[in-house]
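Working notes, beginning with the structure itself.
Here it is as structure tokens:
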């Protein structure tokens, strides 16, 4: 019988380890390339990064902005007593229904000091029961984080997580559509 | 085959098995799909349909009362206010915020300490801090409770006029 050298087993184990690492490394590298390629196929704004936030939703879940990176996110600051806000909420309903399948997310942020679920539900009904996310910013954390000074303020976040657009008026559907299409 | 060849073949097979086992879950992670936002349904509805005011206070969400002395019959709180414009509504002014607070049933007294602070004394049996904050918010303000000691609030309460619900 051939006598194995003492280091032969060690060499074999090392080879096996290298094999495992090499095999595992490739898919990870490939996925990064794929991600980079995917991002490159969309327009990315040169706006500042959108700060992350998490809020409770009307249906008791949570909405975290970071979970929607890779999507175009429209943030809409409103209050249930704000009659002009209903106009933009309706425009966003139309926009969402047209572009949700292309990666558009809409989130309404209710700027009231209490979690006024009844009021927000009624408001939502007046906005054609819009199926996008409805959240409570009852401590005004997101409102202050984004420096919002007026209701009907709208932000559009691109797929890279940058602020691509913002305004502080009742944004008409045509403007929302034009701005959103730039980043979808 | 020699013993050495057997050993090498076994090692290579082991490595292959390890590769498959170790990488199977990982490749799954990298291809996890983004949450499906659901089917897109295009419903063109008129966006200029009639709008009504739907303001409503949720009585269930009662905020803590800053000061409530048993037997004293009142509670007191300081609110910090910050204008929040709204295209629908008049320009926010401190006086409008004050009027908002004074309009709440159960508010015994309300006054501006400065342009950014409102002191409110109220009957905790008739209203609550959250309802008052909502009323100020509807005058187009961000409103948060401002830190104050019980002594500070008591001193402020002593210097205001009790108007029995008709605040000055």
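Residue numbers (the working numbering), protein chains in the order written: chain H, 775 to 958; chain C, 2 to 169. Even for Gly, the Cβ is constructed at its ideal location relative to N, Cα and C.
Under the three-state reduction of DSSP, which class applies to residue i: helix, strand or coil?
| i | result |
| --- | --- |
| residue 39/C | Legend: pLDDT at residue 39/C = 38, less than 50; position of this residue unreliable, value from coordinates given subsequently. It is coil, neither helix nor strand. |
| residue 98/C | helix |
| residue 829/H | strand |
| residue 898/H | helix |
| residue 912/H | coil |
| residue 841/H | helix |
| residue 924/H | strand |
| residue 81/C | strand |
| residue 878/H | strand |
| residue 110/C | strand |
| residue 884/H | strand |
| residue 940/H | strand |
| residue 907/H | strand |
| residue 836/H | strand |
| residue 86/C | strand |
| residue 148/C | coil |
| residue 958/H | coil |
| residue 867/H | helix |
| residue 128/C | coil |
| residue 76/C | strand |
| residue 945/H | coil |
Does the beta carbon of residue i sit closer than 8 Å to a beta carbon anywhere in chain C?
| i | result |
| --- | --- |
| residue 839/H | no |
| residue 816/H | no |
| residue 825/H | no |
| residue 935/H | no |
| residue 847/H | no |
| residue 955/H | no |
| residue 833/H | no |
| residue 886/H | yes |
| residue 928/H | no |
When the distance is taken between beta carbons, is residue j closer than 8 Å to residue i?
| i | j | result |
| --- | --- | --- |
| residue 912/H | residue 854/H | no |
| residue 885/H | residue 85/C | yes |
| residue 941/H | residue 88/C | no |
| residue 829/H | residue 894/H | no |
| residue 850/H | residue 928/H | yes |
| residue 81/C | residue 118/C | yes |
| residue 78/C | residue 146/C | yes |
With a cut-off of 8 Å on the beta carbons, I'd call residue i and residue j a contact; round off their distance for me.
| i | j | result |
| --- | --- | --- |
| residue 97/C | residue 134/C | Incorrect: roughly 15 Å between the Cβ atoms, too far for contact. |
| residue 821/H | residue 936/H | 4 Å |
| residue 930/H | residue 907/H | About 15 Å separates the two Cβ atoms, so there is no contact after all. |
| residue 174/C | residue 120/C | The requested residue 174/C is not part of the displayed model; chain C covers only 2 to 169. |
| residue 887/H | residue 131/C | 7 Å |
| residue 76/C | residue 104/C | Not really, about 18 Å apart at Cβ, beyond 8 Å. |
| residue 876/H | residue 958/H | 5 Å |
| residue 861/H | residue 944/H | 5 Å |
| residue 817/H | residue 956/H | 6 Å |
| residue 819/H | residue 938/H | 4 Å |
Would you please verify whether the beta carbon of residue i is less than 8 Å from any beta carbon of chain H?
| i | result |
| --- | --- |
| residue 128/C | no |
| residue 108/C | no |
| residue 139/C | yes |
| residue 85/C | yes |
| residue 131/C | yes |
| residue 94/C | no |
> Taking three-plus beta-carbon pairs below 8 Å as touching, is the region 853-868 of chain H in contact with the region 890-902 of chain H?
Replying inline: Taking 8 Å as the limit for Cβ pairs, the verdict is that the region 890-902 of chain H does touch the region 853-868 of chain H.
>> Assess contact between the region 98-109 of chain C and the region 925-942 of chain H, defined as three or more Cβ pairs (one per stretch) separated by less than 8 Å. Is contact present?
In response: Taking a contact to require three or more Cβ pairs closer than 8 Å, the region 98-109 of chain C and the region 925-942 of chain H do not qualify as touching.
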